[in-house]
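First residue of the sequence shown? That's 471 in my numbering, and the numbers climb one at a time after it.
Okay, so here's the structure we're looking at.
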Amino acid sequence: MKLTISGRQMELTQGIKENVEAKLSKLDKYVAPDTDVKVTVSARKGRQKIEVTITPKNGHVIRAEESQENLYPAIDLIVDKLKIQLRKYKGKMQKRNKENQSIRFDTAEINDIILEEDIEEYKEEPFEIKRRKKINVKPMSEEEAVLQMELVGHDFYIFKNDETDEIALVYKRKNGGYGIIEQEEF
471 MKLTISGRQM ELTQGIKENV EAKLSKLDKY VAPDTDVKVT VSARKGRQKI EVTITPKNGH
531 VIRAEESQEN LYPAIDLIVD KLKIQLRKYK GKMQKRNKEN QSIRFDTAEI NDIILEEDIE
591 EYKEEPFEIK RRKKINVKPM SEEEAVLQME LVGHDFYIFK NDETDEIALV YKRKNGGYGI
651 IEQEEF
């Protein structure tokens, strides 16, 4: 995997970098060597936070974050979270694609070992859509979308950006403020 480690509001020591690399190397058997893995470590108000984003070349983005008073337990917890997500993702992709092309593995032996782990440790709950809703997407500014989201009392709001004429989603961030998700051009 191609690992990129960066620090936000803190300077990364060599010890932190080595620890992150060592712990995340446990995920090597789950991802292809050319997979991009971005790690961001930050410190704020006595809390240490680590965010990891895995971007496989032929699949969905896998992301996890963990915040603790001490960074090292947060690193351990995030590796555990990512293992669970990768096993879950691998199991779903194997069901959909019999050729096992979702997340590539180096040998068939490793593939069989991981599949056995998936069966033993992960029992998938049935996928069920509980509700379907149609909405009328109105053109508005980002500020109007935030106001509408607050008025309806939701954590997100879908709207048509009047500047770009594209569908977008505004959402409340856990640490305060708002975020916008827009469609990326391919």
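The beta carbon of each residue, even a glycine, is placed where N, CA and C say it ideally should be.
Secondary structure of residue 543 (DSSP, three-state): helix.
Just so you know, the alpha carbons of residue 611 and residue 524 end up roughly 32 Å apart. By the criterion of a C-beta distance shorter than 8 Å, residue 614 is surrounded in its chain by 629, once the five residues flanking it on both sides are discounted. In the three-state reduction of the DSSP assignment, residue 486 falls in the helix class.
Sequence-distant Cβ neighbours of residue 476 in its own chain, meaning closer than 8 Å and more than five residues away, are 482, 508, 509, 510 and 511.
Counting along the chain, no beta strand (DSSP E) covers residue 497, and no H or E run does either. In the three-state reduction of the DSSP assignment, residue 515 falls in the coil class, being assigned neither a helical nor a strand state. When DSSP reads this structure, residue 609 sits in a beta bridge with 630. Under the three-state reduction of DSSP, residue 507 is assigned to strand. The alpha carbon of residue 606 has as its nearest neighbour, out of 616, 486, 504 and 627, the alpha carbon of 627.
Under the DSSP definition of a beta bridge, residue 535 partners with 521. Boundaries of the beta strand (DSSP E) around residue 652: 648-652. If you check the CB distance, residue 546 and residue 496 do not come in under 8 Å.
For residue 548, the closest alpha carbon among the candidates 639, 561 and 533 is that of 533.
In the structure shown, residue 553 adopts helical secondary structure according to DSSP, grouped into three states.
For residue 548, the three-state secondary structure derived from DSSP is helix.
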